[in-house]
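Please read the structure below before turning to the comments.
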């Protein structure tokens with residue numbers, strides 16, 4: 001009797017010991033990977049003393065104002081736009097709260113040094129967690145060598161790395177989408193409700209979460225002939241709550257409708273280079289590895305004997321959608337490359353498992369060398385990806401552009417002084433250094449056009465002479 005009781009207790013103790021060891025291994029892997037990702041993004045980020053792009057200066061200054069004034073600081077800075085003080089909606093609120101953690105200095109006192117460095121740190125940390133989430137997703141799908149796959153993200157597209165290195169919310173958006181895909185594939189649908197809520201507060205790309213849920217529901221219907229209604233209902237409820245329970249309600253509803261219309265309609269107003277499409281050759285040059293990953297993934301589907309499974313079909317659907325979006329606008333390069341890699345990893349997983357099973361029986365020593373071999377194969381693409389991303393970063397405009405003039409203006413003019421600028425995209429740097437003045441236009445020219453089209457046309461005529 002004692003023996004029969006002792007045996008289960010012994011087995012339970014062994015299981016707990018193995019589980020504890022496994023948990024330690026998982027945590028250790030996560031920590032090491034996070035350090036690798038932070039190092040990779042630091043290599044890209046510090047290729048220039050400035051910030052990637054223009055909008056990051058606005059986002060970091062908003063983080064500073066939130067730190068100084070609270071969750072909803074006053075915004076009188078663009079009175080002639082739909083972002084005037086009475087109608088302002090911070091559609092990156094959660095990201096600005098994140099940046100507030102690193103917004104430690106007044107640019108008027110140190111020339112913007114502290115805020116610039118804080119923005120760089122934030123722009124290293126957030127995409128690193130997005131990459132870590134991709135590893136967690138692949139690990140959850142039992143993809144062999146998930147850690148190596150996640151490191152390969154640095155090789156898929158230099159344009160993707162550049163966009164991830166901007167102090168902008170697209171890295172947080174990628175993180176939330178990857179978490180959404182992970183919970184969908186794990187059938188943890190209820191987690192999509194708070195995720196939808198958070199997404200609304202973080203970035204106005206939150207409809208992509210519903211699109212992703214729709215792709216998942218379609219895959220479930222095609223493969224299992226059932227309707228996964230929870231996959232769509234929970235994130236939709238979360239998004240609805242995020243819109244309603246919002247410090248900017250109802251201005252947020254007005255802004256979302258007004259902001260999306262010029263992007264999906266036929267407005268002739270230029271809205272920035274990022275909304276234009278890449279030339280085909282440029283896209284091949286800066287994201288060629290991502291396209292090769294998709295091609296290899298499709299070939300793997302034809303090679304493997306078993307029927308396509310749900311995770312692979314979902315990732316294929318997302319690749320098609322994000323690929324279409326990328327061909328329409330270069331700003332969506334932040335989504336297509338990582339999901340191309342995810343699709344490739346999922347599509348080739350059955351083949352890898354089969355090969356590994358054979359090698360463990362016939363050549364067990366090879367299985368220990370495979371991760372090293374994969375890293376050796378990736379070495380050159382990783383070098384090219386990081387180096388090309390650094391080249392893109394090094395072409396950034398100087399961080400102190402306009403700094404001396406704008407700080408002088410702040411010190412020698414009354415609060416509320418109107419600054420007339422001829423280029424709407426100069427606003428971010430002007431605002432970064434001087435938040436005592438107000439400005440004619442900024443962030444997006446359609447914001448002024450939607451507010452008062454006649455006034456906008458007058459401004460354009462004046463600026464063009």
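Residue numbers (full-length UniProt numbering): 1 to 465. C-beta: ideal position from N, C-alpha, C; glycine also.
Cβ distance (whole Å) where residue i is taken to contact residue j below 8 Å
{"i": "residue 439", "j": "residue 431", "result": "7 Å"}
{"i": "residue 345", "j": "residue 149", "result": "5 Å"}
{"i": "residue 175", "j": "residue 129", "result": "6 Å"}
{"i": "residue 258", "j": "residue 450", "result": "5 Å"}
{"i": "residue 37", "j": "residue 131", "result": "5 Å"}
{"i": "residue 50", "j": "residue 399", "result": "4 Å"}
{"i": "residue 107", "j": "residue 165", "result": "Not quite, the Cβ-Cβ distance comes to about 21 Å (not below 8 Å), so this is no contact."}
{"i": "residue 428", "j": "residue 110", "result": "18 Å between Cβ atoms; not a contact."}
{"i": "residue 63", "j": "residue 96", "result": "5 Å"}
Under the three-state DSSP convention, the category residue i falls into
{"i": "residue 418", "result": "strand"}
{"i": "residue 449", "result": "helix"}
{"i": "residue 438", "result": "strand"}
{"i": "residue 279", "result": "coil"}
{"i": "residue 142", "result": "coil"}
{"i": "residue 173", "result": "helix"}
{"i": "residue 454", "result": "helix"}
{"i": "residue 3", "result": "With a pLDDT of only 49 at residue 3, under the threshold of 50, the placement of this residue in the model should not be trusted, and no figure is reported."}
{"i": "residue 462", "result": "helix"}
{"i": "residue 120", "result": "helix"}
{"i": "residue 114", "result": "helix"}
{"i": "residue 189", "result": "helix"}
{"i": "residue 106", "result": "coil"}
{"i": "residue 101", "result": "coil"}
{"i": "residue 47", "result": "coil"}
{"i": "residue 53", "result": "coil"}
{"i": "residue 444", "result": "coil"}
{"i": "residue 166", "result": "coil"}
{"i": "residue 398", "result": "coil"}
{"i": "residue 205", "result": "coil"}
{"i": "residue 423", "result": "coil"}
{"i": "residue 390", "result": "helix"}
Enclosing alpha helix (DSSP H) for residue i [first to last residue]
{"i": "residue 194", "result": "192-202"}
{"i": "residue 155", "result": "Run containing residue 155: none; DSSP gives neither H nor E here."}
{"i": "residue 229", "result": "229-244"}
{"i": "residue 431", "result": "427-433"}
{"i": "residue 405", "result": "403-411"}
{"i": "residue 247", "result": "First-last for residue 247: undefined, no H or E at that position."}
Own chain residues within Cβ distance below 8 Å of residue i, not counting five before or after
{"i": "residue 177", "result": "208, 209, 212 and 335"}
{"i": "residue 385", "result": "154, 155, 156, 157, 158, 161 and 289"}
{"i": "residue 183", "result": "189, 191, 192 and 195"}
{"i": "residue 217", "result": "227, 228, 229, 231 and 232"}
{"i": "residue 409", "result": "417, 419, 434 and 437"}
{"i": "residue 206", "result": "196, 199, 200, 239 and 242"}
{"i": "residue 140", "result": "182, 185 and 186"}
{"i": "residue 172", "result": "94, 95, 98, 126, 130, 202 and 203"}
{"i": "residue 237", "result": "193 and 196"}
Close Cβ partners of residue i (< 6 Å) along its chain, the five nearest in sequence each way excluded
{"i": "residue 3", "result": "Note on residue 3: pLDDT 49, under 50, position unreliable in the model; the coordinate value appears next. Contacts found: none."}
{"i": "residue 339", "result": "318, 319 and 322"}
{"i": "residue 418", "result": "438"}
{"i": "residue 455", "result": "none"}
{"i": "residue 138", "result": "146, 149 and 345"}
{"i": "residue 254", "result": "none"}
{"i": "residue 310", "result": "219 and 223"}
{"i": "residue 120", "result": "45"}
Contact set for residue i: own chain, Cβ-Cβ below 7 Å, skip 5 residues either direction
{"i": "residue 152", "result": "341 and 378"}
{"i": "residue 308", "result": "301"}
{"i": "residue 1", "result": "Summary for residue 1: the model assigns pLDDT 45, below 50, so the residue's position carries little reliability, and this model does not support an answer."}
{"i": "residue 48", "result": "393, 394 and 396"}
{"i": "residue 40", "result": "154 and 386"}
{"i": "residue 415", "result": "436"}
{"i": "residue 403", "result": "111, 112 and 433"}
{"i": "residue 401", "result": "429"}
Alpha helix (DSSP H) runs wholly inside the segment 298-352, at least 4 long, in chain order: Those alpha helix (DSSP H) runs which fall completely within the segment 298-352 and span 4+ residues are 310-328.
Alpha helix (DSSP H) runs wholly inside the segment 59-99, at least 4 long, in chain order: none
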